[in-house]
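What follows is a short report on a single structure.
This is how it looks when you write it as C-alpha cells:
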C-alpha cells in the first residue's frame with residue numbers, strides 16, 4: 038500500500054507526530070497545557086481522517102450509482118437485442134415452418150416406405166409344415182394379446198409370469214400343442230400381435246426397470262399359414278398398445294369433448310380451432326393404422342409367408358379384397374372369445390368366498406407371496422425378526438404352498454391352520470443314540486413334537502377357500518382373457534395347485550362317485566346329467582358339514598354321506614316340483630325387511646330379515662317360519678346363521694344384501710340388542726350410584742373380537758346448570774379433567790363366557806377425557822368418516838342431561854373467551870406505554886453516543902454525526918415483555934403508572950411476586966434489571 042510523505046500528510050497529523058515522537062521514537066508524557074493542546078491536535082486529526090473517510094464513502098456510493106446506471110443501460114440494450122433476436126427468430130421460424138412440416142411429412146412417408154420394404158424387420162420361422170390352401174382368407178385380429186397371460190408359463194411362487202426374457206419358453210409352449218396355438222390364433226391363415234407382459238418391473242433399480250418395461254412392451258407379430266408359424270418384429274418406433282385395428286367409432290370419438298376432459302356431451306364445433314387440432318389427431322390415428330396395413334402388405338408382397346395366395350394376390354390396402362373375403366378383420370378388442378362374461382372379477386370372487394371361511398373348511402394358498410412376506414417384522418440390533426401370523430413366530434418353516442390346509446380353530450379374528458415343522462428345536466438331556474443311560478451335555482437339536490400354526494385372515498389375498506371353490510370356476514378364470522390383473526397372475530400357481538388337488542381328490546373318490554351316479558339314476562336322474570349332479574351334491578355335502586374331508590376310506594363314513602346326499606337330492610327334486618313354492622316365496626316376501634326366502638335340508642321354509650335396530654349390521658337375522666299354505670309361523674329373533682347352515686340352504690328368492698351377509702360369526706363375540714340393553718342398564722346403574730349417568734360407549738375391534746369393552750361417563754358435583762363456571766376453551770379435555778373433574782368414567786370388559794354377557798370392572802387408567810372428539814363428545818359419530826383404527830361408538834345417551842352438560846361446556850368456553858379478550862385488552866392497554874418507554878431508552882442511548890462522539894470529534898463535526906450514528910449498533914437492554922409486565926402488574930393492582938420511574942415499577946412488581954395478567958416467565962426471585970434506565974419516568978402516551 039503506498040504511503041504519504043510528510044509533506045503530503047495533514048498538518049495536524051504532522052504536528053501530532055512532532056509533539057509525541059522523539060528522535061529515538063519514544064513517547065514523551067505531556068502534562069498540563071501541553072496535554073490539552075496535544076488532545077486538541079489529536080481530535081483535529083481524527084476529524085480530518087473521518088472527513089476523508091466520509092469523502093471516500095461518498096465517492097464509492099457515487100461509483101456504485103454510476104455502475105448501477107451503466108448496468109441498467111446494458112440490461113436495456115440486452116433486452117432490446119433479445120427482443121430483436123426473438124422477432125427475427127420468429128420470422129425465420131415462420132419461413133421454416135412449411136419446410137419443417139414438409140420435411141416431417143417426407144420423413145413419415147419414408148418411414149412408412151421402410152416399414153413396407155421391411156427395414157429394421159426380423160422374420161423368424163418358428164414352426165415348419167404344410168401351408169393352408171390358397172383360397173383360405175387371411176384373418177387379422179384386432180386385439181393385442183399378452184404372452185404371459187395367454188401361456189401362463191414361468192409362474193413361479195409369487196411371480197407374475199414371463200417377460201421379454203421368456204420368449205423362447207413362450208414359443209415352446211405355443212408349438213407344443215395345437216390347442217395352445219388355437220387359443221392364440223385359431224384361424225389357418227392370419228396374424229395376431231403379442232407383447233411379452235404388461236406387468237411393470239419392480240427390481241428396485243429405476244434404470245433397469247425402465248429398460249425391462251421397454252423390452253416388455255415390444256410387439257411381436259405371430260403369422261400363421263396352416264402349420265407354418267412365423268414370428269415378426271418391426272421397427273420399435275411403430276408402437277402398438279391395445280389393438281392394431283381401429284374401433285368402429287374411434288375416429289368419431291376423437292371429436293367428443295368427453296375424451297379430452299372438457300365439457301361432457303357437447304361435440305367440438307366444426308371449423309373451430311379445436312376442431313382442426315383434433316382433426317390432426319384423428320388423421321394421425323388413421324395413418325397409424327394404415328402403417329399397420331402397410332407392414333402386412335409388405336409381408337404379402339415381399340415374402341412367401343402366406344403363399345400360396347389366391348388368384349390376383351392379396352392387397353391389405355384394398356377394401357375390395359376385404360369385401361371379396363380374401364381378408365377377414367376380427368374386431369375382438371372389446372369382447373372375450375372365452376366362456377363368457379363374469380359377473381365379478383377374480384378379486385371380488387375371492388373376497389366373497391373368503392368371507393365364508395369357518396373352522397372345518399380347508400384353505401390353499403401361497404405362503405411365499407409378497408403379501409405374506411410383507412407381514413414379517415424385521416429385527417433390530419438386539420432383537421430377532423418375527424412373523425406375527427406364525428407360532429412360534431420366529432420359525433423359518435412356512436405352510437406348504439399349493440396344499441390344502443384344514444382350519445382347526447379361530448384366533449385374533451382369523452382362522453388357525455397347523456402344519457408340520459421342518460426345523461429343529463434345542464433341548465437339554467437329549468439321549469445319545471445306541472448308548473442307554475447316556476445324555477448329551479448342553480443343548481442339542483431335535484425334531485419338534487408339536488406342529489406349528491399360522492393365522493389366516495378372510496382378507497388375505499394369497500389364500501383360496503379350497504372347499505368353497507369349484508373346478509368350473511377355476512377353469513373359467515384360467516381361460517378368461519378378461520381377468521388378467523397382476524394379482525390374478527400371482528395366484529395362477531395356487532389356482533393350478535387347487536385344480537390339481539380337486540381333480541386328485543375326485544379321482545380318489547371315483548368309486549364312490551360312480552356309486553352315487555348309479556344311485557341318482559335309480560332315483561330318477563338322467564344318466565347324462567349324473568356326473569355334473571354328483572359334483573354339485575358332493576360339493577354341497579363338504580361345505581354343509583363341519584369338517585371337510587375326502588369321501589373315501591371309511592365305509593361307514595361313505596354310507597352316511599351317500600344317505601345324506603340322496604336325501605338332499607330328493608329334497609331338491611321335491612322342491613323343484615313343488616307347486617306351492619311360488620305361494621311360499623310370495624308369503625315370505627311380505628315379511629318386513631326380508632332379504633331371502635329359502636328351504637333348509639329338512640324341507641322347511643324360512644324368511645330371513647335383518648334384525649331391526651342391530652348395532653352391528655350384517656350379523657343378526659330374524660328367521661320366520663313359512664308354512665306350506667303360505668301362512669307365517671313364529672319368528673326367532675337375533676339369530677346368527679352358521680356358514681354350513683347357510684351353504685346348505687336352497688334359496689328360492691334373495692335380495693342383493695343376502696349375497697354380502699356375514700354368516701358364521703361366533704355367537705359369544707357378538708352382542709344382540711337385548712343383550713346390549715341389559716349391559717347398558719347395568720352400566721347406567723353403577724354410574725348413577727356415583728353421580729348422574731351421561732352416556733355409555735362401546736369398544737370392539739373385529740381384529741380382536743374376543744375383547745369388548747364398555748365405558749360410562751357420569752357427572753359429579755353440582756347440577757350443570759348451577760355448577761361453577763371454569764374458564765376453559767378445552768372443557769372436558771384431559772387437562773381440564775385433572776384440575777376440575779366434573780365428569781368421571783367407569784370402565785368394564787364384557788365377559789361372554791357364561792350363559793349371558795356380564796360386565797367386569799377394569800382399572801380406570803388411560804385417556805378418559807370426555808371431549809375426545811369434535812363437538813366435545815367421547816364417541817365417534819356413526820355418520821363420520823370411518824378410519825382403519827377402531828373408535829368408540831355410542832350405545833346409550835341421556836340426551837336432555839347431555840344438552841345441559843354441553844351448555845355448561847359452552848359457558849366455560851364463553852367465559853374463557855371473555856377472559857382471553859379481557860386479557861388481550863389489558864395487554865393492549867399496557868403496551869400503549871411500552872413504545873414511548875422504548876423510545877425514551879433509545880433516545881438516552883443516542884444521547885450517550887452523542888456525548889461520546891463530541892468527546893472524540895469535537896462539537897464542530899456535525900457533518901460526521903449521521904454516518905457515525907449509522908455505524909453504531911444499539912441493543913435493547915430491557916425486553917419489551919418485561920416492560921409490559923411492569924406496567925400491567927401495576928395496572929392489575931390498581932396502581933398508577935404515569936409519573937413513576939422504571940425502578941419504582943420494578944420494585945413494586947418484585948414485592949408482588951413478579952406476576953402479570955398474561956404470559957410472563959420472569960423468575961419471582963429476581964427483580965427486573967432496569968439496565969441503568971431505572972430513572973426514566975413513565976409518561977402518558979400521546980396515542
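Numbering (this note's numbering), first residue to last: 38 to 980.
Every residue gets a Cβ at the ideal spot worked out from N, C-alpha and C, and that includes glycine.
Taking the C-alpha atoms as reference points, what is the distance between residue i and residue j?
i: residue 563; j: residue 169; result: 43 Å
i: residue 864; j: residue 935; result: 16 Å
i: residue 441; j: residue 682; result: 23 Å
i: residue 689; j: residue 617; result: 12 Å
i: residue 92; j: residue 85; result: 11 Å
i: residue 122; j: residue 112; result: 15 Å
i: residue 125; j: residue 119; result: 10 Å
i: residue 894; j: residue 72; result: 17 Å
i: residue 296; j: residue 352; result: Caution is warranted here: a pLDDT of 40 is assigned to residue 296, below 50, making its placement in the model unreliable, and no coordinate value can be reported.
i: residue 658; j: residue 705; result: 16 Å
i: residue 39; j: residue 977; result: Unreliable placement is indicated for residue 39, whose pLDDT of 42 sits below 50; the coordinate value is still reported in the next sentence. If you take the alpha carbons of residue 39 and residue 977, they lie about 59 Å apart.
i: residue 624; j: residue 693; result: 19 Å
i: residue 262; j: residue 251; result: 30 Å
i: residue 291; j: residue 181; result: Interpretation of residue 291 is limited by its pLDDT of 45, a score under 50 that renders its predicted location unreliable; no figure is taken from the coordinates.
i: residue 818; j: residue 975; result: 57 Å
i: residue 744; j: residue 738; result: 8 Å
i: residue 712; j: residue 672; result: 18 Å
i: residue 698; j: residue 391; result: 13 Å
i: residue 412; j: residue 443; result: 22 Å
i: residue 276; j: residue 211; result: 24 Å
Which residues mark the beginning and the end of the alpha helix (DSSP H) in which residue i is found?
i: residue 839; result: 836–894
i: residue 384; result: 383–391
i: residue 695; result: 693–696
i: residue 639; result: Here residue 639 belongs to no alpha helix (DSSP H), and DSSP marks it neither H nor E.
Residue range of the beta strand (DSSP E) that residue i falls in?
i: residue 746; result: 741–752
i: residue 499; result: Taken as a continuous stretch (DSSP letters only), residue 499 belongs to no beta strand (DSSP E), as it is neither H nor E.
i: residue 227; result: 226–232
i: residue 666; result: Where residue 666 is concerned, there is no enclosing beta strand (DSSP E), given that its DSSP letter is neither H nor E.
i: residue 721; result: Taken as a continuous stretch (DSSP letters only), residue 721 belongs to no beta strand (DSSP E), being part of the alpha helix (DSSP H) at 710–727.
i: residue 257; result: 257–262
Would you decide whether residue i is buried or exposed? Buried here means 16 or more other CB atoms lie within 10 Å of its CB.
i: residue 354; result: exposed
i: residue 426; result: buried
i: residue 333; result: buried
i: residue 89; result: exposed
i: residue 145; result: exposed
i: residue 463; result: exposed
i: residue 1; result: The requested residue 1 is not part of the displayed model; the chain covers only 38 to 980.
i: residue 813; result: buried
i: residue 244; result: exposed
i: residue 926; result: buried
i: residue 854; result: exposed
i: residue 528; result: buried
Quickly, what does DSSP pair residue i with across the bridge? List them, please.
i: residue 207; result: Per DSSP, none; premise fails for residue 207.
i: residue 396; result: 398
i: residue 732; result: 750, 834
i: residue 796; result: 787
i: residue 417; result: 420
i: residue 737; result: 745
i: residue 690; result: 634
i: residue 490; result: 428, 455
i: residue 658; result: 647, 676
i: residue 443; result: 399
i: residue 483; result: 462
i: residue 602; result: DSSP, once it has assigned bridges, lists no residue as partnering residue 602.
i: residue 476; result: 468
i: residue 267; result: 162, 260
Throw me the rounded Cβ distance for the residue i and residue j pair, which I believe falls under 8 Å.
i: residue 178; j: residue 241; result: At roughly 37 Å, the Cβ-Cβ gap does not stay under 8 Å, so residue 178 and residue 241 are not in contact.
i: residue 953; j: residue 922; result: 4 Å
i: residue 164; j: residue 264; result: 7 Å
Strictly under 9 Å for the Cβ-Cβ distance: is residue i near chain D by that measure?
i: residue 702; result: The displayed structure is made up of one protein chain only, and chain D is not part of it.
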